[in-house]
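Asks: A single structure is presented below for examination.
Residue numbers (my numbering): 104 to 460.
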């Protein structure tokens, strides 16, 4: 029998989440962001399930795009960080990619290409990672619109603090971008997941949801719409149970000591599977429908759980580390992490099972 650590991926859930995101944007074009292996969920399988429905997929690199095309994906694909060097432009053309341009180097490389591209000009309105300033963008737009290497042009920006209600940063970003967009008759793209959910003014011709498509919030305190449901359930099994006396310790470095006679279940999941070593005592798991606390240090292959108060727990019982009963955002809070990191760090040895129910 194979190792029981499994990620159950609900393909119908991601389809429904995408449809909700599209409806939230009033039916506008919607990029399904599937970079980083679809946030750890399996990009090729998810793309295959969604290929006939999505307006566009979003990836972070040529390699990610190439894997999708080689698997038979035909929907448009947006290269969200653009080409990393000049050698990638012919590949992007062959793969028929929409390409972000966020630097003068990229524009100089693009401007000498023999083929025309659908270009997304990235404007830095306050994120300060990638993109042109407002003044730089204004100087480039006319040049790009008249250049043979640009077939279509879309203006885009990225929100830095959209998951904070009433954020002055977001308000300022939206104003700056709106002032720019009003000067040009071009399609625009602003909203990420948080923008779609919390900032109606960020919804435009193209929206780019990521995390919300996977059915989780940005923090444990987020109240997500009921229309969104988790796509991944990370599960494993109890592989051993033992009784210990008060004063006895569990796990490496004797990090946790029993204050009473206790019953301890060992579960086949650990940091070798991507479950965080930083998870501290009292991080919840779900066994037989009940939340129970992790105790002791996370090992490479195992965790230990205090099941003293649930006497019917037995070897072979299923354990949910996160999913429908326990949000990944809540678990992340106990690990000094967030949903993004928890999902994308899942190890290859965790088998994925794709379901449609």
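Glycine residues also receive a C-beta, built at the ideal position from the N, C-alpha and C atoms.
From what residue to what residue does the beta strand (DSSP E) around residue 412 run?
Replies: That residue, residue 412, is in no beta strand (DSSP E); it is neither H nor E in DSSP.
Asks: Could you check which residue in 327, 197, 333 and 208 has the C-alpha nearest to that of residue 424?
Replies: 333
Asks: Just reading off the alpha helix (DSSP H) that residue 363 is part of, what are its end residues?
Replies: Per DSSP, residue 363 belongs to no alpha helix (DSSP H) and is neither H nor E.
Asks: Going by beta-carbon coordinates alone, are residue 453 and residue 376 separated by less than 7 Å?
Replies: yes
Asks: Are the CB atoms of residue 294 and residue 306 nearer to each other than 7 Å?
Replies: yes
Asks: Taking buried to mean at least 16 other C-beta atoms within 10 Å of its own C-beta, is residue 246 buried or exposed?
Replies: exposed
Asks: How long is the line joining the alpha carbons of residue 350 and residue 343, rounded to whole angstroms?
Replies: 20 Å
Asks: So, for residue 264: in the same chain, excluding its five sequence neighbours on each side, which residues have a beta-carbon less than 7 Å away from its beta-carbon?
Replies: 270, 272 and 273
Asks: Near residue 93, which residues of its chain fall below 6 Å by C-beta distance, leaving aside the five closest residues on each side in sequence?
Replies: Residue 93 is absent from the structure shown; the chain starts at 104 and stops at 460.
Asks: Classify residue 457 as helix, strand or coil using the three-state DSSP reduction.
Replies: If DSSP states are grouped into helix, strand and coil, residue 457 belongs with the strands.
Asks: When DSSP labels each residue in this structure, what does residue 481 get in the three-state scheme?
Replies: Nothing about residue 481 can be read from this structure; the chain reaches only from 104 to 460.
Asks: Do you know whose CA, among 353, 398, 317 and 383, lies nearest residue 115's CA?
Replies: 317
Asks: Bridge partners for residue 337 per DSSP, in chain order?
Replies: 110 and 425
Asks: Are residue 331 and residue 110 touching if we call contact CB-CB under 7 Å?
Replies: no
Asks: Per the DSSP calculation, residue 160 is bridged to which residue(s)?
Replies: 135 and 180
Asks: Do residue 254 and residue 219 have their beta-carbon atoms positioned less than 7 Å apart in this structure?
Replies: Their beta carbons are under 7 Å apart, which means residue 219 touches residue 254 by this criterion.
Asks: Which whole runs of the beta strand (DSSP E) in the segment 171-258 are 3 residues long or more, in chain order?
Replies: Segments of the beta strand (DSSP E) lying fully in the segment 171-258: 180-182, 200-204 and 220-225.
Asks: With burial defined as no fewer than 16 other Cβ atoms inside 10 Å of the residue's Cβ, what is the status of residue 238: buried or exposed?
Replies: exposed
Asks: Where do the ends of the beta strand (DSSP E) carrying residue 451 lie?
Replies: From DSSP, residue 451 is part of no beta strand (DSSP E); its letter is neither H nor E.
Asks: With which residues is residue 395 paired in a DSSP beta bridge?
Replies: 388
Asks: From what residue to what residue does the alpha helix (DSSP H) around residue 348 run?
Replies: From DSSP, residue 348 is part of no alpha helix (DSSP H); its letter is neither H nor E.
Asks: Taking the C-alpha atoms as reference points, what is the distance between residue 176 and residue 119?
Replies: 20 Å
Asks: Have a look at residue 268 and residue 182 and give me their C-alpha separation to the nearest angstrom.
Replies: 29 Å
Asks: Do the segment 354-363 and the segment 387-395 meet, that is, are 3 or more Cβ pairs less than 8 Å apart?
Replies: no
Asks: What number of angstroms, rounded off, separates the C-alpha of residue 358 from the C-alpha of residue 447?
Replies: 27 Å
Asks: In terms of DSSP beta bridges, what is residue 461 paired with?
Replies: The shown model of the chain, from 104 to 460, leaves out residue 461, and the question about it has no answer.
Asks: Consult DSSP for residue 150 and reduce its assignment to one of helix, strand or coil.
Replies: helix
Asks: In this structure, how does DSSP classify residue 296 when only helix, strand and coil are distinguished?
Replies: helix
Asks: The alpha helix (DSSP H) spanning residue 280 covers which residue range?
Replies: 271-284
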